[in-house]
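Asks:
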Amino acid sequence: MDSIVSENFAFSSSVSADVWHPQKDDKSYEWWYFDALSDDGREAVIIIFLDNFVYSPRYNRETISISGNKRFPAVSFTYYRDGQILYRSVTEFHFSDFHASEEVPECRIGESSFRFERAPYGSGYFVSVNAEISGGRKIDANLEWLSIEADLAPDDFCYQERRHCWNMVAPRADVTGRITVKNDHGENLEEYHFRGTGYHDHNLDNRWLAMTVRDWHWGRVHFADSTAVFYRFRESDEEDATTRLILIRNGELQKHDVWFEEHDYVRDRFGIRYPSLMRLLSNDEIEMTIRPHGAVDSSFYFLRSLSEFTIMAGGSEPRTTMGLTEYISPRSLRHQWLNWLSDVRTGKDGRSSYF
26 MDSIVSENFA FSSSVSADVW HPQKDDKSYE WWYFDALSDD GREAVIIIFL DNFVYSPRYN
86 RETISISGNK RFPAVSFTYY RDGQILYRSV TEFHFSDFHA SEEVPECRIG ESSFRFERAP
146 YGSGYFVSVN AEISGGRKID ANLEWLSIEA DLAPDDFCYQ ERRHCWNMVA PRADVTGRIT
206 VKNDHGENLE EYHFRGTGYH DHNLDNRWLA MTVRDWHWGR VHFADSTAVF YRFRESDEED
266 ATTRLILIRN GELQKHDVWF EEHDYVRDRF GIRYPSLMRL LSNDEIEMTI RPHGAVDSSF
326 YFLRSLSEFT IMAGGSEPRT TMGLTEYISP RSLRHQWLNW LSDVRTGKDG RSSYF
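Residue numbers for the sequence shown, in this note's numbering: 26 to 380.
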């Protein structure tokens, strides 16, 4: 199985590499991403832990220092149900509130955390989010990502100077847990029990996102017997993107070079221009079409959507189901006024945002 490695891009699927990789450059960033769709397709949960919040105006200041180690960790939580966001929290913390291990996969930011554990019934991640939201309420979410397909390319991990690394740690997991909303007295207001299929990856780079990434499109979908993930990453100084389609089934990971087509561009409410139809075509007769539906979350720099995936392989009948896609266009992060507008949606020092 060949590695996916280009001059500025590297791929792996490694639990052991899912640790923190501290860098001296203030603009380096690292995040751990967890998502899941419920079995009935009504709910989605997205949780992200960031050692440097790439959408923060403090991170995106023009001044760059490689010695100050001034970083801006954050935790993002989104709970989407029946076509709308029910609860959303993005909270930035002081760096002293960030604790992560360079030896084992675990991280704590404020009162939220994740950790990898092995148990007799399997291995996986325990994820806990304790975050303030508007109206003095609190989100208390505790979920488990029990790995079904994980650690599929552990020897491919490669993180060097000026290289982006995508570690697709666990592309398929059984996700269960509970999301509780409490008032300012700690009393339960709402409670949701979640069960579905999830995904976990880890991205890291030693460079400033706004200056190095032109655009970034990715998505994943779970079928009954397999998972498909695509990733399209283009640097600011490149015309061609690194594009891959990865299929996972029965503990095997297959990587495919693909042609990527985009059609029928539209704009979301924040002005991001994105394709409403995408097609991926491989030499070995695999075709996947993707049609974004409602936005799960969006901003001036990214759009996360519930999307319809249809895949055909080797002349087989097409299969269709729902998955998640995300489009990132970070160049506008250099505009300070957009940073300010985005900042009002971000909580500070563990407190909730204004909106």
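Think of the CB as a built atom: it goes at the ideal place given N, C-alpha and C, for glycine as much as any other residue.
Rank K95, T350, F258 by C-alpha distance to the C-alpha of R188 and give the top, closest one.
Replies: Answer by Cα proximity: F258.
Asks: My parser needs the beta strand (DSSP E) runs of 3 or more residues fully inside the stretch 99–142; what are they?
Replies: Scanning the stretch 99–142 from its first residue to its last, the whole beta strand (DSSP E) runs of 3-plus residues come out as 99–106, 109–117, 123–125, 131–134.
Asks: So, using beta-carbon positions, are D60 and V44 closer together than 8 Å?
Replies: In this structure, V44 does not lie closer than 8 Å to D60 by Cβ.
Asks: Please classify D226 as buried or exposed, where buried requires at least 16 neighbouring CB atoms within 10 angstroms.
Replies: buried
Asks: Decide if the stretch 313–323 is in contact with the stretch 202–212; the criterion is three or more beta carbon pairs, one per stretch, under 8 Å apart.
Replies: no
Asks: Could you tell me which uninterrupted beta strand (DSSP E) segments, each at least 3 residues in length, are contained entirely in the stretch 27–63, listed from first to last along the chain?
Replies: As far as the stretch 27–63 is concerned, its whole beta strand (DSSP E) runs of at least 3 residues are 34–37, 54–63.
Asks: By how many angstroms is the C-alpha of R292 removed from the C-alpha of E333?
Replies: 18 Å
Asks: Quick check: A144 and G202, are their CB atoms within less than 8 Å of each other?
Replies: no
Asks: Give the C-beta separation of G348 and G244 to the nearest angstrom, bearing in mind that I take them to be a contact with Cβ-Cβ under 8 Å.
Replies: 6 Å
Asks: Buried or exposed, going by whether 16 or more other CB atoms sit within 10 Å of the CB of H242?
Replies: By the 16-neighbour rule on beta-carbons within 10 angstroms, H242 is buried.
Asks: How big is the Cα-Cα spacing for F295 and S172?
Replies: 35 Å
Asks: Assign L234 to one of three DSSP states: helix, strand, or coil.
Replies: helix
Asks: From L306 to M313, what does the alpha carbon distance come to, in whole angstroms?
Replies: Approximately 7 Å between the Cα atoms of the pair.
Asks: Around the Cβ of T103, are there at least 16 other Cβ atoms within 10 angstroms (buried) or fewer (exposed)?
Replies: buried
Asks: Quick one, are the C-beta atoms of R197 and E169 less than 8 Å apart?
Replies: Cβ atoms of R197 and E169: not closer than 8 Å.
Asks: Could you pull the start and end residues of the beta strand (DSSP E) that V200 belongs to?
Replies: It spans 189–207 - the beta strand (DSSP E) in which V200 sits, taken as one unbroken run.
Asks: On the criterion of 16 or more Cβ atoms from any shown chain inside 10 Å, does H218 qualify as buried, or is it exposed?
Replies: exposed
Asks: Is S261 helix, strand or coil when you go by DSSP?
Replies: coil
Asks: In chain order, what residues of the same chain lie with their CB nearer than 6 Å to the CB of R113, ignoring the 5 residues before and after it?
Replies: T103
Asks: Between which two residues does the beta strand (DSSP E) holding R274 run?
Replies: 267–274
Asks: Which one or two residues does DSSP pair with P300 in a beta bridge?
Replies: Y290
Asks: Taking G149 as the reference, give the member of Y84, F120, A178, Y224 with the closest Cα.
Replies: Minimum Cα distance to G149 is reached at Y224.
Asks: Would you mind giving the Cβ-Cβ distance between F123 and R140, rounded to the nearest angstrom? I have them listed as a contact below 8 Å.
Replies: With a contact defined as Cβ atoms closer than 8 Å, F123 and R140 miss out at about 15 Å.
Asks: Tell me whether Y146 is buried or exposed, calling it buried when 16 or more other Cβ atoms sit within 10 Å of its Cβ.
Replies: Exposed is the call here.
Asks: On the DSSP bridge list, what partners appear for F219?
Replies: G202
Asks: With a threshold of 6 Å on Cβ separation, who are the neighbours of A42 within its own chain once the five nearest residues in sequence on each side are excluded?
Replies: F182, N192
Asks: Which same chain residues end up closer than 7 Å to D250 when comparing Cβ atoms and leaving out the 5 residues on each side of it in sequence?
Replies: R274
Asks: Count the other CB atoms, across all protein chains shown, that sit within 10 Å of the CB of E277; report buried if there are 16 or more and exposed otherwise.
Replies: exposed
Asks: Within the same chain, show all residues whose beta-carbon is closer than 8 Å to that of H46, passing over the 5 residues directly before and after it, in chain order.
Replies: Correct list, in chain order: E55, E127, Y184, L229.
Asks: Counting along the chain, where does the beta strand (DSSP E) carrying E351 start and finish?
Replies: 344–353
Asks: Take G340 as the anchor and find which of D309, S323, V321 has the nearest alpha-carbon.
Replies: Ranking D309, S323, V321 by CA distance to the CA of G340 puts D309 first.
Asks: At the level of alpha carbons, what is the spacing between E157 and L62?
Replies: 23 Å
Asks: Would you call the CB atoms of I134 and V100 closer than 8 Å?
Replies: yes
Asks: Measure the C-alpha to C-alpha separation of T237 and A253 and round it to an integer number of angstroms.
Replies: 27 Å
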